[in-house]
Each structure stands twice: as structure tokens, then as C-alpha cells.
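Contents: one structure, followed by commentary.
In this note's numbering, the protein residues as written are 182 to 361.
Okay, structure coming up:
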């Protein structure tokens, strides 16, 4: 099994066009998943409100588990884009600059993905982060704690994804026109 810290070791060789197709596929996957994630966040918030009156955190824990599984898919798409970009960047210095430009966003999304491998622990840590057992302020603030990162899938994350994809596509179009 390839773990996140060793993700760049032993990658199979792929043509640049195959790698660009990987980027496109996972970009579309992440973007298409965005609305579902927002729906799951609303469901989690409704469960959080219910918990405030009932004191029962079980529905919220279940909603957070579902939400974090959806987050996992989204950040897995980021991981796949990062892996493709890593290989492209080794072949083209312009793509290496793209990778450097987006390094912080890539690393954050990949690190969150690594944390989400332990979904139940991630759910439990949202409750542990609050001062009282019924706080779970992460849901109220839409800012979830994953290790050392505060994270959510929101407009800012989606904007970073759009910008990353546009930068990769721009370099692909430039290299394609240079070859023509």
C-alpha cells in the first residue's frame, strides 16, 4: 500500500498525455462532488443543532462520518492530481513552477487525506477539540480539525482547485502549441 509520505516512490511511467488525462479526470471528480459535500455539511449542521437540544451526539457522529467520507473522496482527487503533477513537473520546468506555486494547497489537501484514512478518529477529534462534550464547534464554524490542519471543503478550496487546474491546462496548451 502506498502511504502519503512515500507517495512519489516507484510511480509507474506514464506519458504526459496520460498524466494530463488523470488531472482532468480527478479535477472533474472533485468539482462534481462539491455540491454533495455542501449538502452533507448542512445535514451535519442540522444534527449539531439537534444535539444542542437533545444532548444525543450519535446522529451528529454519524453525519460527520458520512461528511468525512465525502471529504476523503474530494482530497483523494487532490492527491491524484498532485501525483500526476509531480510526474509532469519532472519533465517540464514550467509545471515544476506550477507545483511550487500551489505547494501549500497541495500539501494541505494531501495531509488532510492522510488524516481521513482514520475516519472515526477524525470524528472523535472534532468532539475532543471543544471544551464541553456538546460543543463540537467545528460543525458550527465549518472548520474541522485534522491533525494540525483546520480544513473544510468550501469556496476557497474549490477556487484553489480551479486555479491549479487552469495553471496546469495553460502549460499543457503552451507545450501542445510549441510542438505544432
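Where is the CB? At the ideal position from N, CA and C, for every residue including glycine.
In this text the structure is predicted, and so the values were computed from the model without any measurement.
Using the rule of at least 16 other Cβ atoms within 10 Å of the residue's Cβ for burial, across every protein chain shown, is residue i buried or exposed?
i	result
residue 232	buried
residue 242	buried
residue 319	buried
residue 285	exposed
residue 324	exposed
residue 337	exposed
Look at the alpha carbon of residue i and the alpha carbon of residue j, and state the distance between them as a whole number of angstroms.
i	j	result
residue 347	residue 221	27 angstroms
residue 210	residue 334	14 angstroms
residue 294	residue 357	32 angstroms
residue 341	residue 213	15 angstroms
residue 359	residue 353	10 angstroms
residue 349	residue 328	29 angstroms
residue 219	residue 351	29 angstroms
residue 343	residue 197	20 angstroms
residue 215	residue 273	30 angstroms
residue 234	residue 306	22 angstroms
residue 317	residue 299	18 angstroms
residue 256	residue 199	21 angstroms
residue 386	residue 240	In this structure the chain extends from 182 to 361, so residue 386 is not present and cannot be described.
residue 332	residue 355	34 angstroms
Do residue i and residue j have their CB atoms nearer than 8 angstroms?
i	j	result
residue 291	residue 246	no
residue 339	residue 283	no
residue 330	residue 289	yes
residue 259	residue 287	yes
residue 308	residue 238	yes
residue 229	residue 321	yes
residue 223	residue 268	no
residue 297	residue 252	yes
residue 244	residue 225	yes
Do we get a CB-CB distance below 8 angstroms when we pair residue i with the residues of chain D?
i	result
residue 204	Looking for chain D here will not work: only one protein chain is present.
Residue i by DSSP, collapsed to three states: which one?
i	result
residue 246	helix
residue 283	coil
residue 196	coil
residue 257	helix
residue 329	coil
residue 324	coil
residue 298	coil
residue 212	helix
residue 334	coil
residue 271	coil
residue 303	helix
Quiz item: If you pair each beta-carbon of the stretch 247–257 with each one of the stretch 275–282, do three or more pairs fall below 8 angstroms?
Solution: Taking one beta carbon from each stretch, the stretch 247–257 and the stretch 275–282 have fewer than 3 pairs nearer than 8 angstroms; the two do not touch.
Self-check item: contact_flag[the stretch 193–213, the stretch 255–274] where n(CB pairs < 8 angstroms) is 3 or more
Solution: Enough Cβ pairs lie closer than 8 angstroms, so yes.
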